[in-house]
Structure formats: C-alpha cells, structure tokens
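A.B. asks:
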Amino acid sequence: MSDMDSSELNSELFNSLMIRCSFAVFTTPTRNNLDGLATELKAEVILHLGNPIPLARCSRAWYATVNSPVTKSKWLISRYGETHALFHAVRMGDPFINVDVVECLFAQKAHLSRYFIQRLILGFGKYDSRLIGLKLAHPLDPVRNKSIQNKFRNPWASNLSFDVFSRILKEGHDRFDGNDTPVRGNDMELFYYLSAGPLVISEARKKLQDNINEIETLIWRYKFAPLPPRPNMQIGFKPYSHIESSRNTNFDDCPPSDGYENVRQLNVIARAILLCPELVNVWKQNGCHEI
Numbered sequence: 001m002s003d004m005d006s007s008e009l010n011s012e013l014f015n016s017l018m019i020r021c022s023f024a025v026f027t028t029p030t031r032n033n034l035d036g037l038a039t040e041l042k043a044e045v046i047l048h049l050g051n052p053i054p055l056a057r058c059s060r061a062w063y064a065t066v067n068s069p070v071t072k073s074k075w076l077i078s079r080y081g082e083t084h085a086l087f088h089a090v091r092m093g094d095p096f097i098n099v100d101v102v103e104c105l106f107a108q109k110a111h112l113s114r115y116f117i118q119r120l121i122l123g124f125g126k127y128d129s130r131l132i133g134l135k136l137a138h139p140l141d142p143v144r145n146k147s148i149q150n151k152f153r154n155p156w157a158s159n160l161s162f163d164v165f166s167r168i169l170k171e172g173h174d175r176f177d178g179n180d181t182p183v184r185g186n187d188m189e190l191f192y193y194l195s196a197g198p199l200v201i202s203e204a205r206k207k208l209q210d211n212i213n214e215i216e217t218l219i220w221r222y223k224f225a226p227l228p229p230r231p232n233m234q235i236g237f238k239p240y241s242h243i244e245s246s247r248n249t250n251f252d253d254c255p256p257s258d259g260y261e262n263v264r265q266l267n268v269i270a271r272a273i274l275l276c277p278e279l280v281n282v283w284k285q286n287g288c289h290e291i
C-alpha cells in the first residue's frame, strides 16, 4: 500500500471514529464501545475537538482522559500554539488549570516570556468590592467614578489559584534574571521605544537599526512576544465557556484587563515589522510561529 493510500485510510478511520464519538453522548452501547479505546487514541480524538466537554460526560473513563493534565496541555498547544497556550490556560483559570497542567505545559515547551510575567502580575487577584462600593457612594468626578466602576470587572488572571500563580512566577524567576527581573516593567512599552515608536517613519528606520541588538536580546533572551489579539466575538461557542463567559471586559484599559492585546499594541508590532521584516524570522527562530 502506498503512503498516500495509507494516509487516506487513516483519515477515513479517524473520521469514522469522530462520527462514533458524536453519537456517544446519546447512545449507551456506542459509549461503552468507545470506553475500550486506548488512552492514547482517546487523547488524539480530544485534540481534534474545539470543546471536549461533551466527551467528558460520556463516562468516567472519558472524564479522566479529558481532565488529565497531559491531555489538557496537549489540547492547549494543539489549539492555540506554543506561544499562546499558557495565556489561554491562565485565562480559563480554576478549575481548568492547576500546577500539574502548568508543569505539563512547561515540559512540552509552552512559551513563557518576561512580558507574560509582567502582565500576569497586573492581572492576578481580585479587587475589594466592598471598598469599591463605599467609594462609589460618595460624589466623584466622572473620570474618577468610571475608573472605580471599572474595577468591578475582574482582570484576566483573577481566577487563578495562588499555587499556580507562584509556580509560574518561580519559573520566570529561574529563567530570567531572578530577583532583578523587572516584574513591574512593560516589555511591550520597551519594545515600542526600542523600535522607534515615537518617531515618524522616515526617522524610525535608522533608530530601530541602532537598537536592533537590544531588540533581538529582548526576543531571544527574554522571549518577548505579544499576547494574542482579542477575538472578534468575546462571548460565543468557546471551550470551557462556562468558566469564563461571565467575565466582563473593559476595552479602555491599557494594558487591557481581559489580557488580550489591543489595536494600539498590535500596531507597535506591525510597525516594527514594516520597518524591519527580518524581525519575523527572529521570532520564528525563537519558536514564536504565531507572530
């Protein structure tokens, strides 16, 4: 049998299996048959699904496979890529992500940047709703009032457990500059100035070339890469949407409270690439193919 015939046969077998899986939720005999699949094959099926939760409801065996840290980490990387897998895991929060899932993501080379650590610091934890309510009870100027009201919207990493938060911070501490890591910095802003963002195009190209070594160090040494752009629709059919659909977003924040990059930040990256297209290859050589 030729390689093409074998590939077509494997594709047909996989499609047949997926059809059987789609009926598994409703048909008890089919569900029992699917329980007998090898764990590796179950995991392979899950990787091809946008939302594996229905399979988790089929049986205890499928529930265990879907919720396995190894399966979760592989699903994240398969769906979002190595560059953004950790971001989406944090965004989904507890109970989806735990320390075991984080360990599996690191073992599978999920991307971790100093910039991610900086954004994680800003997005972790919840505001004191009682204190906010007391502040709003007193007359304030409109700008101040809007700023306080926005704090009712929990940021993107607010549903993260402390042990997961501390594990990611420790990894960043070990990979980068230890206690000297500027966790209160902003590598996106640093990239903006290094890439001559404040200058007009006619002057920016030379300034960027003057700073190219620092820019490459930011990408190679500190793994700088933008977080993913905001999806066109915030609430729709998304995996594990029951975890996150109630989370409101403030699009006026900078950095945005929902964690995604806004147009302003993406323009910083696009402008730098326009001035120096070779930067795309630098990112790709560093494993950031989603750039």
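For the sequence shown, the UniProt record's numbering gives the first residue as 1, with consecutive numbering after it.
Note that CB positions come from ideal geometry on N, CA and C, so glycine has one too.
#1: Hey, is the segment 88-100 in contact with the segment 47-66, meaning 3+ C-beta pairs nearer than 8 Å?
#2: Using 8 Å as the threshold, is the C-beta distance between P52 and V101 below it?
#3: Just tell me which of P142, A272, N154 has its CA closest to the CA of S257.
#4: Taking the straight line between their C-alpha atoms, what separation do you get for L266 and M188?
#5: From E216 to P182, what distance separates their C-alpha atoms?
#6: Below 6 Å CB to CB, which residues in the same chain sit around D35 once its five sequence neighbours on both sides are set aside?
#7: Compute the Euclidean distance between the alpha carbons of I291 and R79, then round it to the nearest angstrom.
#8: Would you report the Cα separation of T28 and V66, rounded to the nearest angstrom?
#9: Please determine, among R271, I46, L227, the residue with the shortest C-alpha to C-alpha distance to R119.
#10: Output needed for A204: all residues of its chain with C-beta closer than 7 Å, excluding positions within five of it in sequence on either side, in chain order.
#11: By alpha-carbon positions, which one of S166, G287, E278 ends up nearest to N98?
#12: Consult DSSP for E40 and reduce its assignment to one of helix, strand or coil.
C.D. replies: Checking against the coordinates, here is how it stands:
#1: The segment 88-100, when compared against the segment 47-66, does not touch it at the 8 Å Cβ threshold.
#2: Your numbering for residue 52 matches position 52 in the sequence shown. Your numbering for residue 101 matches position 101 in the sequence shown. No, they are not a contact pair.
#3: On the sequence shown, position 257 is the one that residue 257 refers to. Ranking the options by Cα distance to S257, first place goes to N154.
#4: Counting from one through the sequence shown, the residue named residue 266 turns up at place 266. Counting from one through the sequence shown, the residue named residue 188 turns up at place 188. In a straight line, the C-alpha of L266 is about 10 Å away from that of M188.
#5: Walking along the sequence shown from the start, residue 216 turns up at place 216. Walking along the sequence shown from the start, residue 182 turns up at place 182. Taking the straight line joining both Cα atoms gives about 18 Å.
#6: On the sequence shown, position 35 is the one that residue 35 refers to. Around D35: S59, A61.
#7: On the sequence shown, residue 291 is found 291 positions in, with the first residue counted as 1. On the sequence shown, residue 79 is found 79 positions in, with the first residue counted as 1. Near 15 Å, if we compare the C-alpha coordinates of R79 and I291.
#8: Residue numbering aside, residue 28 sits at position 28 when the sequence shown is read from its first letter. Residue numbering aside, residue 66 sits at position 66 when the sequence shown is read from its first letter. Low local confidence applies: a pLDDT of 47 at T28 is under 50, so the model's placement there is unreliable, and no value is given.
#9: Translated into positions along the sequence shown, residue 119 becomes position 119. Closest option to R119, Cα to Cα, is L227.
#10: Counting from one through the sequence shown, the residue named residue 204 turns up at place 204. Closer than 7 Å at Cβ, skipping near neighbours: A196, L275.
#11: If you number the sequence shown from 1, residue 98 lands on position 98. Ranking the options by Cα distance to N98, first place goes to S166.
#12: Indexing the sequence shown from 1 puts residue 40 at position 40. Reduced to three states, the DSSP call for E40 is helix.
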